[in-house]
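Chains as they are written, first to last, in the working numbering: chain R, 2 to 266; chain X, 2 to 266. Accompanying notes for the structure given below.
Written as structure tokens, this is what we have:
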């Protein structure tokens, strides 16, 4: 099934489609207006450190919902959902190594799993587009370019690691507006963390992202960097806990919440 | 020592004064411009539920800092501080009962204690005053009136309980400005939770607050209610864990952070 035939629909419609296995692609551009979320699933014994890590690093890890241990329904953001089946694709990490990219994690599920849903930049990208700012990777129909930076997040117990950022190039004349628009969305990474020279973040080559796809930076454009919800994946790869499951990059959980609900007043 | 002789000074100056035991009074009006914080100290085994409770109820429980287990220094908000001695007065709850109001908790300290510092309305009251809105209990030199409402917070594990609110009366002509000003301070309770009829919150008599002091509501004035950092005390009284220590109402922890640092953009 093509994403283009699914542009609209309720959150439940999309979750059922992914659950059925008929669509396993990325969710960018799907369900416009609905909040999409990053997923991190881990054992309860790791949940405190991870929750505190999120609290200390709200820009890369803005929490939308944390489930009770063993509960696979996102009761707040998507009543009736099943987090084991309702994303198009997952990533399974054992001791920090990516070992599988299944489309269903029912076989991995354990009774003490806690699921974290974190805000995703798709929400603020819609707001950028409404403000007439081109979002390059959407134009190019690619995944957003993501980079592991030289900035360390604030650690929490065993959880520590570098800040991961996403990058969107734009004309200098749009930068102020981009800061203003995204500042109003704290729950989805908020304002940029850096504007301009990638080397400041330790990024040597914009054409070689650590995750996602490279995009063209046109002459005269400035790269603008936002904290990225893939930061927990970098943490997991460094901390190497026995088992952690996340969404596959770009393959998000579609909630029932509306982007407008996340506006900061 | 009189509070009036201490109007200004660094956070460390005030913490040292309280540590010395020479001042044990409330901190309202002290250290203008510096962020003051609510304190909740509990055993590590309760910390996950309490952290999640705060995450789910950010208006009454806006987290400024969570210490590592056993660490009594607030490294982020007040480097060099000692949370066992640096508040003018504490409250000790055993199984939900208030059993002591010491000015030093060194004798109670345990190696697995985790300390939570939560935002306090003193920060937004300064902003209200700067916006030329009278804050009645400050005018009257009383503690703010606080009420236990009929609204339940979102539960987290064993942590659950009612929302506690603080109340400030004002003329209707000031209400819009009060909403605007406090909306900009998410880290200190943010916008009001209710404006007008106290019965909507289950408050039968404004002249009988559950905590703090009553204040006059003048003819034509409207009561405006904000989520209150004493909510965790109501939770503790209901959940009855073996040992929890908090600040005494109005006797806050003075940090090194500036009110302006908490402005939401």
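Each residue gets a CB set at the ideal place from its N, CA and C atoms; glycine is no exception. Just so we're clear, the structure is a prediction, and the values are computed from it rather than from any experiment.
Nearest neighbour of residue i, chosen from the options [CA to CA]
{"i": "residue 62 (chain R)", "options": "R:70, R:43, R:39, R:45", "result": "R:39"}
{"i": "residue 42 (chain X)", "options": "X:72, X:188, X:53, X:14", "result": "X:72"}
{"i": "residue 262 (chain X)", "options": "X:220, X:188, X:232", "result": "X:188"}
{"i": "residue 44 (chain R)", "options": "R:103, R:264, R:117, R:133", "result": "R:117"}
{"i": "residue 64 (chain X)", "options": "R:67, R:66, R:53", "result": "R:53"}
{"i": "residue 87 (chain X)", "options": "X:21, X:77, X:161", "result": "X:21"}
{"i": "residue 216 (chain X)", "options": "X:120, X:223, X:208", "result": "X:208"}
{"i": "residue 211 (chain R)", "options": "R:191, R:235, R:14, R:197", "result": "R:235"}
{"i": "residue 131 (chain X)", "options": "X:58, X:48, X:11, X:179", "result": "X:179"}
{"i": "residue 246 (chain X)", "options": "X:127, X:222, X:133, X:110", "result": "X:110"}
{"i": "residue 183 (chain X)", "options": "X:265, X:50, X:56", "result": "X:265"}
{"i": "residue 224 (chain R)", "options": "R:85, R:250, R:206", "result": "R:206"}
{"i": "residue 141 (chain R)", "options": "R:195, R:214, R:154", "result": "R:214"}
{"i": "residue 233 (chain X)", "options": "X:260, X:27, X:60", "result": "X:60"}
{"i": "residue 227 (chain R)", "options": "R:133, R:120, R:157", "result": "R:120"}
{"i": "residue 194 (chain R)", "options": "R:148, R:50, R:136", "result": "R:148"}
{"i": "residue 237 (chain X)", "options": "X:92, X:137, X:138, X:202", "result": "X:92"}
{"i": "residue 175 (chain X)", "options": "X:204, X:221, X:101, X:35", "result": "X:221"}
Burial state of residue i (16 or more Cβ within 10 Å)
{"i": "residue 241 (chain R)", "result": "exposed"}
{"i": "residue 167 (chain R)", "result": "buried"}
{"i": "residue 37 (chain X)", "result": "buried"}
{"i": "residue 5 (chain X)", "result": "For residue 5 (chain X), the predicted structure reports a pLDDT of 49, less than 50, and the residue's modelled location is therefore unreliable. A value from the coordinates is still provided. Flag for residue 5 (chain X) reads exposed."}
{"i": "residue 2 (chain X)", "result": "For residue 2 (chain X), the predicted structure reports a pLDDT of 49, less than 50, and the residue's modelled location is therefore unreliable. The matter cannot be settled from this model."}
{"i": "residue 56 (chain X)", "result": "buried"}
{"i": "residue 81 (chain R)", "result": "exposed"}
{"i": "residue 257 (chain R)", "result": "buried"}
{"i": "residue 66 (chain X)", "result": "buried"}
{"i": "residue 192 (chain R)", "result": "buried"}
{"i": "residue 14 (chain R)", "result": "exposed"}
{"i": "residue 68 (chain X)", "result": "buried"}
{"i": "residue 151 (chain R)", "result": "exposed"}
{"i": "residue 177 (chain X)", "result": "exposed"}
CB contact check: residue i to chain R, cutoff 9 Å
{"i": "residue 174 (chain X)", "result": "no"}
{"i": "residue 196 (chain X)", "result": "no"}
{"i": "residue 73 (chain X)", "result": "no"}
{"i": "residue 49 (chain X)", "result": "yes"}
{"i": "residue 129 (chain X)", "result": "no"}
{"i": "residue 67 (chain X)", "result": "yes"}
{"i": "residue 5 (chain X)", "result": "Because residue 5 (chain X) carries a pLDDT of 49, less than 50, the predicted location of this residue cannot be relied on, and no value is offered for it."}
{"i": "residue 111 (chain X)", "result": "no"}
{"i": "residue 21 (chain X)", "result": "no"}
{"i": "residue 184 (chain X)", "result": "yes"}
{"i": "residue 38 (chain X)", "result": "no"}
{"i": "residue 192 (chain X)", "result": "yes"}
{"i": "residue 80 (chain X)", "result": "no"}
{"i": "residue 143 (chain X)", "result": "no"}
{"i": "residue 56 (chain X)", "result": "yes"}
{"i": "residue 255 (chain X)", "result": "no"}
Closer than 9 Å to chain X by CB, residue i
{"i": "residue 158 (chain R)", "result": "yes"}
{"i": "residue 265 (chain R)", "result": "yes"}
{"i": "residue 154 (chain R)", "result": "no"}
{"i": "residue 228 (chain R)", "result": "no"}
{"i": "residue 187 (chain R)", "result": "yes"}
{"i": "residue 2 (chain R)", "result": "Low per-residue confidence applies at residue 2 (chain R): pLDDT is 49, beneath 50, and the placement is therefore not dependable, though the value from the model is reported in the following sentence. No - not a single Cβ of chain X is within 9 Å of the one on residue 2 (chain R)."}
{"i": "residue 267 (chain R)", "result": "Residue 267 (chain R) falls outside the range modelled here, since chain R spans only 2 to 266, and no answer is possible."}
{"i": "residue 149 (chain R)", "result": "no"}
{"i": "residue 261 (chain R)", "result": "no"}
{"i": "residue 161 (chain R)", "result": "no"}
{"i": "residue 64 (chain R)", "result": "yes"}
One or two residues paired with residue i in a DSSP bridge
{"i": "residue 78 (chain X)", "result": "Paired residues: none, contrary to the question."}
{"i": "residue 169 (chain X)", "result": "X:225"}
{"i": "residue 93 (chain R)", "result": "R:101, R:246"}
{"i": "residue 120 (chain R)", "result": "R:38"}
{"i": "residue 13 (chain R)", "result": "Beta-bridge pairing links residue 13 (chain R) to no other residue."}
{"i": "residue 148 (chain X)", "result": "X:166"}
{"i": "residue 259 (chain R)", "result": "R:35"}
{"i": "residue 254 (chain X)", "result": "X:38"}
{"i": "residue 194 (chain X)", "result": "Note: residue 194 (chain X) sits in no beta bridge, so no partner."}
{"i": "residue 157 (chain R)", "result": "R:160"}
{"i": "residue 136 (chain X)", "result": "BP columns for residue 136 (chain X) are empty, so no partner."}
{"i": "residue 115 (chain X)", "result": "X:43"}
{"i": "residue 238 (chain R)", "result": "Answer is none; residue 238 (chain R) lacks a bridge partner."}
beta-carbon residue i near the ligand ATP non-hydrogen atom, thresh 8 Å
{"i": "residue 88 (chain R)", "result": "With respect to the ligand ATP, the structure shown offers nothing to examine, as it has no ligands at all."}
Q. If you scan the segment 16-86 of chain R from start to end, which runs of the alpha helix (DSSP H) of 4 or more residues do you find wholly inside it?
A. 45-57
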